[in-house]
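*Asks:* Chains A and B are the protein sequences, given in the same order. When we follow our numbering, the leftmost residue of the first sequence carries the number 111, and every step to the right adds one. When we follow our numbering, the leftmost residue of the second sequence carries the number 2, and every step to the right adds one. Just so you know, even glycine gets a beta-carbon here, dropped at the ideal spot from N, CA and C.
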Amino acid sequence: MNSIIKNTFSAATILGIFSLLGLGLTSFTFHKTETKIQENERLALLTNLKAVIPESLYDNDIVNDTLEVTDLNQDSTKPAVIYRARKKGEPVAAIMTVVTPFGYSGNITLLVAVKTDGTLTGVRTIAHRETPGLGDKIEIERSDWISSFDGKSLDNPSDTQWAVKRDSGYFDQLTGATITPRAVVGAVKNALLYFKHNQARIFSTTESTPEGGN
Amino acid sequence: MFSEYSKIVKDGLWLNNQAFVALLGLCPLLAVSNTVINGLGLGLATTMTLVFSNTIISLIRNFVPDEVRLPVFVLVIASVVTMIELAMNAWFFGLYKILGIFIPLIVTNCSIIGRAEAYASKQRADKAFLDGLSMGLGFTFALVTLGSLREVIGSGTLFTKAELMFGEAATTWQIDVITDYSGMLLAILPPGAFIGLGLLIALKNIIDTKIKQRKPAHIQIPIQAAQEQ
C-alpha cells in the first residue's frame, strides 16, 4: 500500500517538474521573441497601410493614431479599426478596416483609404478565403483589379454605377467569379458612405486610442 | 554499428517514410502542400520538432515512470512546438503568416508522439536524434514532392514566394514551368492533395516492386551466363 502511494507521489512530482520546465522554457522564448514579433506585426501593418495611401500625404504615426468603431461593418459587432492620416495636425485621410461577410466563402477583410474630399487613394485585400485561381484575383499579387478603385468616389462613378458590370454597374467582375467582386464593391461603397456621414467623428482627437494598432 | 545508423536513415527517408508508408500527419501534409515553399517550411518545422522531441525524450527516458510517460512526452512536444512557433513568428514572419494554424498543429502530428513512444523512449540519444532527423527529412521530402507536383500542375510555377524563407535575394527564384498557364484548380484545392498523394504512393510502390524484382535477377544472371558457356 505504502509503495503505491510512494509511486503515485513520485510520478506526480516528475510530471509537475516537467510542467514547470516546459512552462519556464516557453516563457523564456516568449520574452526573447516578444519585441521582435511586435515589430514584425507593426511593419506588416505599415506595409499594408503604405500600399493604400502614399507616404507623402501624411506626417503622423498612423499605426498608432487609431480609432475603434462598432458601426462601420454590416453584420459585424466586432470593433473595426480606423487609422487616421494627418499632415501638420490637419486630417488628410482615413484608412478603414472593412470586413464583408458576402464573399463566396467567409469574410473578406479590406483596407479602404479615403481622403477627406471623399476620393479613394487605394483599396487592398488583406485577408480572404475565396477560391484560389478565381476569387483570389482580388489580391494585388494576382491581378490589378483592386486598383480599379483608385481615385474613385461616391460621385465617380455615380451612385447606381457602384456595382459590378453583371449588375449593370461600372466595375469589372472577375472571370469565373461574380460574388467576390460584388462583395468587395459593396463593402467599399458602404465604407465611403460611412466616411461621408461620420467624418467629423472619425477625426475628433478626443476619441483617440493610442494603445490600439494591433 | 555503421549499418545500424544507415538503417535508421533509410527507414526515415524511404522504407518507413512517415507520409508515404506510415500515412501519419496527413492533415498538415494535405493542407499545406500547395506550393514547394509552403511544404518545405512546414517540413523543416516538423523536422526540428522531431529532432528536439526525440533527443529530449531519449535523454529523460530513464527518469520518467511508465505511468506518466505519455503526459510527459506530450508536455515536451508541446513546449518544443511552442518555442519553434515563437521563433518562426519572430524570424520567418511571412512564412509564419502563410502556414498559420498548421505550426501549432504540429503538436497533433501523430508521427511525433509516434516516434517518441515507439523509438526515442527506448533508444540512446544519438540514435533517437538521427531517427528524428531522418523521419523529419522523409516527411519534408514527401511535402516538397507533393508541393512541387501540385504547384506545377495547379499554377504552372515552382518556388513561388521563395523570399518568405530565403530573404529578399530569392524574389527572382520563381520558375515559370508553363508560361501563360491558366492554372488547374483541382490541383490546388484539397482533392488535388488526396489524388496527388495517392499517385505518389502508387509510384513509390512501383519503384519498390522494381527494386525487389531486380535483386533476384542479379543472382540469376551469372548462373545463366555459366550455362551458356
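1. Given a cut-off of 8 Å on the beta-carbon distance, is the pair Ala121 of chain B and Ala129 of chain B in contact?
2. Within this structure, are the beta carbons of Lys306 of chain A and Gly228 of chain A separated by less than 8 Å?
3. Does the segment 211-228 of chain A come close enough to the segment 297-304 of chain A that 3 or more CB-CB pairs lie under 8 Å?
4. Strictly by DSSP, which residues pair up with Ala237 of chain A?
5. Report the neighbours of Ala161 of chain A on chain B: residues whose CB is nearer than 8 Å to its CB, in chain order.
6. Which class does Ala203 of chain A belong to by DSSP, given the choice of helix, strand or coil?
7. For Ala266 of chain A, which of A:Asp254, A:Ile256, A:Tyr280, A:Thr136 has the nearest alpha-carbon?
8. Go to Leu27 of chain B, then tell me how far its alpha helix (DSSP H) extends in each direction, as first and last residue.
9. Does Val274 of chain A come out as helix, strand or coil in the three-state DSSP assignment?
10. So, does the CB of Phe64 of chain B fall closer than 8 Å to a CB anywhere in chain A?
11. My output table needs one value for Tyr386 of chain A: the three-state DSSP class, helix, strand or coil.
12. Would DSSP call Ser263 of chain A helix, strand or coil?
13. In whole angstroms, give me the CA-to-CA distance for Leu187 of chain B and Gly193 of chain B.
14. Could you tell me whether the segment 71-86 of chain B touches the segment 133-140 of chain A, using the rule of 3 or more Cβ pairs below 8 Å?
15. Since Phe248 of chain B and Gly42 of chain B are thought to touch, with beta carbons under 8 Å apart, how far apart are those beta carbons, to the nearest angstrom?
16. Quickly, what does DSSP pair Thr118 of chain A with across the bridge? List them, please.
17. Under 7 Å from any heavy atom of the ligand SAH, does the C-beta of Glu86 of chain B make it?
18. Where Phe142 of chain B and Gly44 of chain B are concerned, what is the direct C-alpha to C-alpha distance, given to the nearest angstrom?
19. Any idea what DSSP makes of Phe167 of chain B, helix, strand or coil?
20. Starting from the Cα of Asp181 of chain B, find the closest Cα among B:Thr172, B:Glu164, B:Arg151, B:Ser156 and give me that residue.
21. Can you look up Gly132 of chain A in the DSSP assignment and give me helix, strand or coil?
22. So, are the CB atoms of Ser120 of chain A and Pro72 of chain B less than 8 Å apart?
23. So, at 8 Å on beta carbons, what are the nonlocal neighbours of Leu284 of chain A in its own chain, with the 5 sequence-adjacent residues on each side left out?
24. Could you work out which residues of chain A lie near Gly184 of chain B, taking near to mean beta carbons separated by less than 9 Å?
25. By a C-beta neighbour count over all protein chains shown, 10 Å radius and 16 as the cutoff for buried, is Ala204 of chain A buried or exposed?
26. Rank B:Ile212, B:Thr172, B:Phe94, B:Leu150 by C-alpha distance to the C-alpha of Ala200 of chain B and give the top, closest one.
27. Please report the distance separating the alpha-carbon of Leu165 of chain B from that of Ala154 of chain A.
28. Per DSSP, what kind of secondary structure is Val179 of chain A in: helix, strand or coil?
29. Is the Cβ of Thr143 of chain A closer than 8 Å to any Cβ of chain B?
30. Closer than 7 Å by beta-carbon distance: list the chain B residues that pair up with Ala121 of chain A, in chain order.
31. Name, please, each residue of chain A whose Cβ falls closer than 8 Å to the Cβ of Val313 of chain B.
32. Does the contact criterion of 3 or more C-beta pairs under 8 Å hold for the segment 199-213 of chain A versus the segment 155-173 of chain A?
33. What are the residues that DSSP puts in a beta bridge with Lys225 of chain A?
34. Just mark Asn18 of chain B as buried or exposed, buried being the case when its beta carbon has 16 or more other beta carbons within 10 Å.
35. For Asn217 of chain A, decide whether its Cβ has a neighbour in chain B, counting only Cβ atoms nearer than 8 Å.
*Replies:* Here's the rundown:
1. Taking the second sequence and counting its residues from 1, the one referred to as residue 121 of chain B is at position 120. Taking the second sequence and counting its residues from 1, the one referred to as residue 129 of chain B is at position 128. Yes, Cβ-Cβ distance for Ala121 of chain B and Ala129 of chain B is below 8 Å.
2. By 1-based counting over the first sequence, the position of residue 306 of chain A is 196. By 1-based counting over the first sequence, the position of residue 228 of chain A is 118. For the pair Lys306 of chain A and Gly228 of chain A, the CB atoms are nearer than the 8 Å cut-off.
3. yes
4. For the purposes of this step, residue 237 of chain A is taken as residue 127 along the first sequence, with counting starting at 1. In the DSSP output, where bridge partners are listed per residue, Ala237 of chain A has A:Thr219.
5. Translated into positions along the first sequence, residue 161 of chain A becomes position 51. Within chain B, no residue comes near Ala161 of chain A; the closest Cβ sits about 15 Å away, beyond 8 Å.
6. As a working mapping, residue 203 of chain A is identified with position 93 in the first sequence. Correct three-state label for Ala203 of chain A: strand.
7. Your numbering for residue 266 of chain A matches position 156 in the first sequence. Here residue 266 of chain A turns out to be Asn, not Ala, going by the sequence shown. Looking at the Cα atoms, A:Tyr280 is the closest of the given residues.
8. The sequence position of residue 27 of chain B within the second sequence is 26, counting from 1. That run of the alpha helix (DSSP H) goes 27-33.
9. Working through the first sequence from its first residue, we reach residue 274 of chain A at position 164. Three-state DSSP puts Val274 of chain A in a strand.
10. Taking the second sequence and counting its residues from 1, one reaches residue 64 of chain B at position 63. Residue contact with chain A for Phe64 of chain B: present (Cβ-Cβ distance below 8 Å to some residue of chain A).
11. With chain A running from 111 to 324 in the structure shown, residue 386 of chain A is simply not present.
12. If you number the first sequence from 1, residue 263 of chain A lands on position 153. Note: Ser263 of chain A maps to strand in three-state DSSP.
13. Taking the second sequence and counting its residues from 1, the one referred to as residue 187 of chain B is at position 186. Taking the second sequence and counting its residues from 1, the one referred to as residue 193 of chain B is at position 192. For Leu187 of chain B and Gly193 of chain B, the distance between alpha carbons rounds to 5 Å.
14. yes
15. Within the shown structure, residues of chain B are numbered from 2 to 230, placing residue 248 of chain B beyond reach of any answer.
16. Along the first sequence, one-based indexing puts residue 118 of chain A at 8. In DSSP, Thr118 of chain A forms no bridge with anything.
17. Of ligands this structure carries none, so the ligand SAH is not represented either.
18. What you label residue 142 of chain B is simply residue 141 of the second sequence in a count that begins at 1. What you label residue 44 of chain B is simply residue 43 of the second sequence in a count that begins at 1. Each residue's Cα considered, the two are about 8 Å apart.
19. Here residue 167 of chain B refers to the residue found at position 166 of the second sequence. Here Phe167 of chain B sits in helix by DSSP.
20. What you label residue 181 of chain B is simply residue 180 of the second sequence in a count that begins at 1. That would be B:Ser156, whose Cα lies nearest to the Cα of Asp181 of chain B.
21. Taking the first residue of the first sequence as 1, we reach residue 132 of chain A at position 22. Note: Gly132 of chain A maps to helix in three-state DSSP.
22. Counting from one through the first sequence, the residue named residue 120 of chain A turns up at place 10. Counting from one through the second sequence, the residue named residue 72 of chain B turns up at place 71. Taking 8 Å as the Cβ cut-off, Ser120 of chain A and Pro72 of chain B do not qualify as a contacting pair.
23. If you number the first sequence from 1, residue 284 of chain A lands on position 174. Counting only Cβ-Cβ distances below 8 Å, and skipping sequence neighbours, we find Leu244, Gly245, Lys247, Ile248, Ser253, Trp255, Thr290, Pro291.
24. In the second sequence, counting from the first residue as 1, residue 184 of chain B sits at position 183. Result: Pro242, Gly243.
25. For the purposes of this step, residue 204 of chain A is identified with residue 94 of the first sequence, where counting begins at 1. So Ala204 of chain A counts as buried.
26. Looking up residue 200 of chain B in the second sequence gives position 199. One detail in the question is off: residue 200 of chain B reads as Leu in this sequence, not Ala. Measuring from the Cα of Leu200 of chain B, the nearest candidate turns out to be B:Leu150.
27. If you number the second sequence from 1, residue 165 of chain B lands on position 164. If you number the first sequence from 1, residue 154 of chain A lands on position 44. Cα to Cα, the separation comes out at about 13 Å.
28. Translated into the one-based positions of the first sequence, residue 179 of chain A becomes position 69. If DSSP states are grouped into helix, strand and coil, Val179 of chain A belongs with the strands.
29. Start at 1 with the first residue of the first sequence, and residue 143 of chain A comes out as number 33. True, the Cβ-Cβ gap to chain B drops below 8 Å.
30. To locate residue 121 of chain A, count along the first sequence from 1; it is residue 11. Within 7 Å Cβ-Cβ: Pro66, Glu68, Val69.
31. Residue 313 of chain B is absent from the structure shown; chain B starts at 2 and stops at 230.
32. yes
33. As a first step, residue 225 of chain A must be located in the first sequence, where it is residue number 115. Per DSSP, A:Ala203.
34. By one-based count along the second sequence, residue 18 of chain B stands at place 17. The residue in question, Asn18 of chain B, is buried, as its Cβ has 16 or more Cβ neighbours within 10 Å.
35. If you number the first sequence from 1, residue 217 of chain A lands on position 107. Cβ-Cβ to chain B under 8 Å: no for Asn217 of chain A.
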